[in-house]
Each structure stands twice: as structure tokens, then as C-alpha cells.
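One structure below.
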Amino acid sequence: MDDYRAVRELLPAPPLSPGVERAGRDRLAAAIAHERARRSRRTARRNLLRLGLAGAAAAVAVVFAQAAAPAPPAAPVTLAQPDGKGFLLVAAAAVTAVPDQGAWWGSTEVRGSRYRDPGGRYVLHESRTVETWIPADPEGLTWYRETPRGVRPETPRDEAAWRADGSPSSWTYDKPGEHGSSGVVRAEPGERRTWSTEDWDFRIVTADRPLTKMSDLPDTPEGLRALFGGDDDRATVDTAVRLMFFAPVSSETRAAAYRLLASTPGVAAAGRVTDVLGRTGQAIEYEAGEFAPPHHPGATRTRVVIDPVSGRPLSLETRSAADGMLLTYTAIQDSRWADDNPLEKE
Numbered sequence: 001m002d003d004y005r006a007v008r009e010l011l012p013a014p015p016l017s018p019g020v021e022r023a024g025r026d027r028l029a030a031a032i033a034h035e036r037a038r039r040s041r042r043t044a045r046r047n048l049l050r051l052g053l054a055g056a057a058a059a060v061a062v063v064f065a066q067a068a069a070p071a072p073p074a075a076p077v078t079l080a081q082p083d084g085k086g087f088l089l090v091a092a093a094a095v096t097a098v099p100d101q102g103a104w105w106g107s108t109e110v111r112g113s114r115y116r117d118p119g120g121r122y123v124l125h126e127s128r129t130v131e132t133w134i135p136a137d138p139e140g141l142t143w144y145r146e147t148p149r150g151v152r153p154e155t156p157r158d159e160a161a162w163r164a165d166g167s168p169s170s171w172t173y174d175k176p177g178e179h180g181s182s183g184v185v186r187a188e189p190g191e192r193r194t195w196s197t198e199d200w201d202f203r204i205v206t207a208d209r210p211l212t213k214m215s216d217l218p219d220t221p222e223g224l225r226a227l228f229g230g231d232d233d234r235a236t237v238d239t240a241v242r243l244m245f246f247a248p249v250s251s252e253t254r255a256a257a258y259r260l261l262a263s264t265p266g267v268a269a270a271g272r273v274t275d276v277l278g279r280t281g282q283a284i285e286y287e288a289g290e291f292a293p294p295h296h297p298g299a300t301r302t303r304v305v306i307d308p309v310s311g312r313p314l315s316l317e318t319r320s321a322a323d324g325m326l327l328t329y330t331a332i333q334d335s336r337w338a339d340d341n342p343l344e345k346e
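Right, dumping it as C-alpha cells:
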């Protein structure tokens, strides 16, 4: 099915004013020009075919209407699909226009976890920033920079309970639990570290199949499902999500992962939500598999938050199925292809 036709069917829009439609077409023209400049390895004819100009103008006008109109913050995307997952097809259409050339795939993530103090009286929030640069050359080194942000009480109520506990600056866990392991947890931020390693071998998690380069990956939902095995829907979804968030794949493969999620049973729409960094997006949820905290005593669900207008994945959250409490998360602050790796020069 053509993605843009699916967008038009799933997201019927009210008539647009001439000014809004003109702005949408201008944005489309600018995106095409940028695509041509950045992707010299592709011919102009392939660019035109890939963007699907015959049907793209109306879809892009719908996507950009809220951003172009002089109005309050954009309203929720209207979904016509009964299961509410139509926004995944919007994201797939948007992400295909993102350039994917460069020598390095770089990302900056905020990773965190929330757990109770050893006495169970208040919730602590531990977080760190992780910058990763993965080379397009499979023989190159992957570079990391990690900056621990420390541990703090989560809410004002938790802070009050922490003060009543004597305002400790460290907590000792005698055995693994929600925290994940035994040992001492300290409040102050840790020391920033930068290092490189050879251990990023372009292996797609759970598929258990090493690849010589990520461009070898299929660019259709059917191809990805076959690569992942296709027998376990939960493992298929976990793998597709990890590919979307963390792997240096082509825009076509990333779009195929979105379409795969839209068609996989067990993936439910969670509507319009705000992620851990305060950004608004559309979300899906499913029973946690790979991303479930190993020592959490109950069932968990994974929430994936996406900005459908840009096609960017925003955050990956694991929550308690019992009360919805956020347990762990990875929020993508930035991800892009680049010609240089800044960590290599430090």
C-alpha cells in the first residue's frame, strides 16, 4: 500500500485555506531541495519517485497545516483508523524524507530509572546522558560519552519524605529489587567518561544475525518480519523498536519499522501523551519483553512515544502494568547522520 494514500485515507482533513496549503507546498519544495543537495549518490529521478510527488502535496499540506497556521499549540492528530495507530503511517511517510548519508550515526540520549528507597517511603530518580557515535564503516570504533546526572527525589512529596528520612546522600540496597542490584547508590553526579570500543557489531537484537553493514537490512515490513523471525510478535516489536531508536539504518528501513508496528497484533495506541522530557507526541504500548527491568516484581508495559509530523522517535518508557509508574526510560534528545565524530577529536 502506498504510504501517502494510506495517510489520506486515515487522516481526513478539513478543507485548508489557500495560505495554509501554499505554506505546505513551500515546505515540501524546501524538503525536496534539501534532499537533493545532501544525497548526491541518488539520482534526481529516484528522489522524485521516492517522495511520491503525485500524491505527496496533499499529505504534506495536512501534516504541516497545524505548524503553518497562526494558532495555539497544535491540536492532537485526528485518527480515522479504528485502532488509533494511523499516526505510525504518518511517521513512516515523514521519515522517508530524512537524509541518511554520513560517516557517523550520532545520538544523544537521556537514560533514567525510578525506584523506591530501601525503606519504600519515597521514589528516587536516577539519570544520565549518553552520547553515542557509531561508524558507517563496520571496521571502525564506536564512541561513547556518559555523564551521570545523579539521584534525587522524584516529586515534592518524595522530597518531603526524603527530608523526614534525614536527607541521605546515599542509599544501600542489600539485595536486588526495583533498583536492579545490591550495593550503594549515591546522590551526587558521577564523573563523565569518554571511551571507544569494537563491540558494536551491527547485530540486530533477537534476530541473532550479524550484518556486515546496516544498509543490508530490508526496507519493507514483510522483509523485516522475515529477518526478525516472525514467530513471536512481542520479540518482533521489541526488535523493531530497538532498530528505530538505536540503529544507524536507512530512512526507508526506519519507515518500514513504523509500518511493521502498525500491523502487528498486541500493539495498542495510547493516544497523545507527554514524554519524560516534556515533549508531546503520540504513543503506542505493548507488553514489555526485552525492555522490562529484570528485577521488577510485577508485569510491565513498554510505551513508545513518537512525533508523527517529523517521524522522530522521542522516548522509550517501561511502566508498571499495575499502576502505570514509570520504571525506566530512554529519551532521544537528538539523532542524526554526520560527517564527523566530535568525540574522536577530544
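Counting from 1, position 103 in the sequence shown corresponds to residue 103 in the numbering used here; the numbering is continuous, with no gaps.
Glycine included, every Cβ here is placed at the ideal spot set by N, Cα and C.
**Study point:** Best match in Pro-148, Pro-265 and Arg-163 for proximity to Glu-191 [C-alpha to C-alpha]
**Key:** Checked all of Pro-148, Pro-265 and Arg-163; the closest Cα to Glu-191 is Pro-148.
Review point. What are the boundary residues of the beta strand (DSSP E) that Asp-307 is part of?
Key: For Asp-307, the uninterrupted beta strand (DSSP E) segment begins and ends at 300-307.
Point to revise | Element boundaries [alpha helix (DSSP H), containing Ala-92] | key: If you look at Ala-92, you'll find it in the alpha helix (DSSP H) that goes 87-95.
Check your understanding: Given a threshold of 16 other Cβ atoms within 10 Å of its Cβ, counted over all protein chains shown, does Thr-155 qualify as buried or as exposed?
Key -> By the 16-neighbour rule on beta-carbons within 10 angstroms, Thr-155 is exposed.
Check your understanding: What do you get for Trp-195, buried or exposed, if any count of 16 or more other CB atoms within 10 angstroms of its CB means buried?
Key -> It counts as exposed.
Exercise for review: Starting from Thr-274, trace the beta strand (DSSP E) both ways and give me its first and last residue.
Suggested key: Taken as a continuous stretch (DSSP letters only), the beta strand (DSSP E) holding Thr-274 covers 268-274.
Check your understanding: If we ignore side chains and look at the alpha-carbon of each, how far apart do Asn-341 and Leu-243 end up?
Key -> Cα to Cα, Asn-341 sits roughly 21 Å from Leu-243.
**Study point:** Gly-140 versus Glu-344 - alpha carbon distance
**Key:** Cα atoms of Gly-140 and Glu-344: separation of roughly 11 Å, rounded to the nearest angstrom.
Point to revise | Proximity winner among Ala-299, Asp-307 and Ala-255, relative to Leu-327 (alpha-carbon distances) | key: The closest CA to that of Leu-327, considering only Ala-299, Asp-307 and Ala-255, is found on Ala-299.
Point to revise | Same chain, Cβ closer than 6 Å to Thr-330, neighbours up to 5 away in sequence not counted | key: For Thr-330, where only same-chain residues beyond five positions count, the Cβ hits under 6 Å are Glu-109, Arg-111 and Leu-316.
Practice item. Throw me the rounded Cβ distance for the Arg-116 and His-125 pair, which I believe falls under 8 Å. Key: No, Arg-116 and His-125 are not in contact; Cβ-Cβ is about 11 Å, not under 8 Å.
Check your understanding: If you check the beta carbons only, do Gln-311 and Ala-136 fall under 9 Å apart?
Key -> Rather than Gln, the amino acid found at residue 311 in this sequence is Gly. No.
Point to revise | Same chain, Cβ closer than 7 Å to Asp-158, neighbours up to 5 away in sequence not counted | key: Excluding its 5 nearest sequence neighbours in each direction, Asp-158 has C-beta neighbours in its own chain below 7 Å: Tyr-122 and Val-123, listed in chain order.
Exercise for review: Kindly list the residues whose CB is nearer than 7 Å to the CB of Ala-262, restricted to its own chain and excluding five residues on each side of it in sequence; keep chain order.
Suggested key: For Ala-262, where only same-chain residues beyond five positions count, the Cβ hits under 7 Å are Lys-85, Leu-88 and Leu-89.
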